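Enquirer:
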Amino acid sequence: MAKNSNDVIKQIEKHYASLSPSGQTIAQYLQRNPIAVVTQSTSHIAEQTNTSKATVSRFFRQLGFESHQEAKNTLLTLREQGVPVSPSTTAVLQHEQELNNISQTFDNIDIATLTAIAEKLANAQQITLIGFRNAYPLALHFRQQLKQIRTSVRLLPQPGQTLGEDLVDLGKDDVVVLFGFRRRTRQFKHVLHTLSHCQTILITDPTGQVYRDNVKHLLVCHLGNHLSSQVDNYAPFDSYAAPMSLVSTLCNFTYSALGDSASKRVKAITSLYGDLDELEPSERK
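Each residue of the sequence shown is one higher than the one before, counting from 1 in full-length UniProt numbering.
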């Protein structure tokens, strides 16, 4: 493995000045098309850069890798960790990947689990939703949906606030929904430990399965871009289509579990929207 390397592109930047003219040509090509390291063979890279297979192999050794394969493995490992990597994909492939992520997610979650979680969300005295980084918008959306059908739903962390004073009051009957996707903060595992006595539901990606024993329910969402033979389908960023779909499903199940009380609350809120003139009027023909 290349010493002190985080990825292939950083190694190119580090060694560019010392590369031969042919090596710099290959470097420029890979800087424009980073995913080519994964999707293209040594011979194809040589063809695209008007060089030879031997020159391409020597290029990767000059970067500090034993071979093209080792450089490929390094880039794949980074993408698996959630680091954005430039794609060679199309809108059609992206659409197909989104559908695949959602399908894989729901194929592995049974109705009984969704029903049990919905019952907890419906009957809890208070629901606490926690999300860091990319998970925060998901937690925020979850709160906005749940607030339409029940009371006492709060979102953490609040801007500019610490968590200690909010977590200290949580007891064994408190329902907490924690979102934690790859590239989690260092704080995450400490928060999870603090919540070990609560009715904690963890919504995560496959890497979060290491925390299964620390929570009451664990729901795994697929974000795409995992190691597979379909590396040409990669997109630079993780997709949150599956978690958003799961949040929608949980809200719908919770609505059903609440029954008439949810319907009455929706009607009351809708009436207030009108009294406060908060929403633009619907167009009716």
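Virtual Cβ for every residue (Gly too), placed ideally from N, Cα, C.
Source: prediction; values computed, not measured.
1. Skipping 5 residues on each side, what residues in its chain have a beta carbon closer than 7 Å to that of S22?
2. Taking 6 Å as the limit between beta carbons, can you name the residues of its chain near L167, skipping five residues before and five after?
3. In terms of residue numbering, what span does the beta strand (DSSP E) encompassing Q199 cover?
4. Count the other CB atoms within 10 Å of the CB of Q40; is the residue buried (16 or more) or exposed (fewer)?
5. S152 to Q125, Cα distance in whole Å?
6. Out of I201, V266, L156, P206, state which residue places its alpha-carbon closest to the alpha-carbon of S145.
7. Using the C-alpha atoms, what's the distance from A17 back to K53?
8. For chain C, check one thing: does any of its Cβ atoms lie closer than 8 Å to the Cβ of L114?
9. Which word fits T128, buried or exposed, when buried means at least 16 other C-beta atoms lie within 10 angstroms of its C-beta?
10. Can you give me the Cβ contacts of R154 inside the same chain, cut-off strictly under 6 Å, excluding the 5 residues immediately before and after it?
11. Please report how far the alpha carbon of A36 lies from the alpha carbon of T25, in whole angstroms.
12. Which same chain residues end up closer than 8 Å to L30 when comparing Cβ atoms and leaving out the 5 residues on each side of it in sequence?
13. Kindly indicate the opening and closing residues of the alpha helix (DSSP H) around I45.
14. Among the candidates C198, A241, Q187, whose CA atom is the shortest distance from the CA of D205?
15. Do you know offhand how far V215's Cα is from T200's?
16. Going by beta carbon distance, what residues of the same chain come within less than 8 Å of K147, once the five residues before and after it are set aside?
17. Quick check: what's the CA-CA separation for P159 versus Y136?
18. For R186, does the count of other Cβ atoms within 10 angstroms reach 16, so buried, or fall short, so exposed?
19. Answer with buried or exposed for N108, where buried requires no fewer than 16 other C-beta atoms within 10 angstroms of its C-beta.
20. Using beta-carbon positions only, say whether H68 and T42 come within less than 8 Å of one another.
21. Start and end of the alpha helix (DSSP H) containing F253?
22. What does the alpha-carbon distance come out to for the pair H190 and K172?
23. Would you report the Cα separation of L138 and L202, rounded to the nearest angstrom?
24. Quick check on this structure: which residue in K264, P281, S245 has the alpha carbon closest to the alpha carbon of S103?
Expert: With the given structure in hand:
1. If you number the sequence shown from 1, residue 22 lands on position 22. Closer than 7 Å at Cβ, skipping near neighbours: T51, T55.
2. The residue you call residue 167 lines up with position 167 of the sequence shown. If we look at L167 and ignore the five residues flanking it on each side, its Cβ neighbours are T194.
3. The residue labelled residue 199 in the question sits at position 199 within the sequence shown. Its beta strand (DSSP E) spans residues 199-204.
4. What you label residue 40 is simply residue 40 of the sequence shown in a count that begins at 1. Buried, because 16 or more other Cβ atoms sit within 10 Å of the Cβ of Q40.
5. Working through the sequence shown from its first residue, we reach residue 152 at position 152. Working through the sequence shown from its first residue, we reach residue 125 at position 125. Distance between the alpha carbons of S152 and Q125 is about 7 Å.
6. Position 145 of the sequence shown holds residue 145. Sequence inspection shows Gln at residue 145; the Ser mentioned does not correspond to that position. Closest option to Q145, Cα to Cα, is V266.
7. To locate residue 53, count along the sequence shown from 1; it is residue 53. To locate residue 17, count along the sequence shown from 1; it is residue 17. Whole-angstrom Cα-Cα distance: 21 Å.
8. Structure shown: chain C not included; a single protein chain is present.
9. Counting from 1 along the sequence shown, the entry for residue 128 is found at position 128. It is buried - the Cβ of T128 has at least 16 other Cβ atoms within 10 Å.
10. Here residue 154 refers to the residue found at position 154 of the sequence shown. Only T128 meet the Cβ criterion.
11. Here the question's residue 36 lines up with position 36 in the sequence shown. Here the question's residue 25 lines up with position 25 in the sequence shown. Between A36 and T25, the C-alpha separation is close to 14 Å.
12. Taking the first residue of the sequence shown as position 1, residue 30 is located at position 30. Taken in chain order, the residues that qualify are V8, I9, I12, A36, V37, I45.
13. The residue you call residue 45 lines up with position 45 of the sequence shown. That run of the alpha helix (DSSP H) goes 42-48.
14. Residue numbering aside, residue 205 sits at position 205 when the sequence shown is read from its first letter. Nearest option by C-alpha distance: A241.
15. Here residue 215 refers to the residue found at position 215 of the sequence shown. Here residue 200 refers to the residue found at position 200 of the sequence shown. Computed Cα separation, rounded: 5 Å.
16. Stepping through the sequence shown from its first residue, residue 147 is reached at position 147. Once the five neighbours on either side are set aside, the close Cβ partners of K147 are V153.
17. On the sequence shown, residue 159 is found 159 positions in, with the first residue counted as 1. On the sequence shown, residue 136 is found 136 positions in, with the first residue counted as 1. One C-alpha to the other measures close to 11 Å.
18. Numbered from its first residue, the sequence shown carries residue 186 at position 186. Exposed is the call here.
19. As a position in the sequence shown, residue 108 is number 108, starting the count at 1. Exposed, because fewer than 16 other Cβ atoms sit within 10 Å of the Cβ of N108.
20. As a working note, residue 68 is residue 68 in the sequence shown. As a working note, residue 42 is residue 42 in the sequence shown. Going by C-beta atoms, H68 is nearer than 8 Å to T42.
21. Residue mapping note: residue 253 aligns to position 253 of the sequence shown, counting from 1. From DSSP, the alpha helix (DSSP H) with F253 extends over 241-258.
22. Counted from its first residue, the sequence shown places residue 190 at position 190. Counted from its first residue, the sequence shown places residue 172 at position 172. If you take the alpha carbons of H190 and K172, they lie about 17 Å apart.
23. On the sequence shown, position 138 is the one that residue 138 refers to. On the sequence shown, position 202 is the one that residue 202 refers to. Using only the alpha carbons, I get a separation of about 13 Å.
24. For the purposes of this step, residue 103 is taken as the residue at position 103 of the sequence shown. If we check each option's Cα against that of S103, S245 comes out closest.
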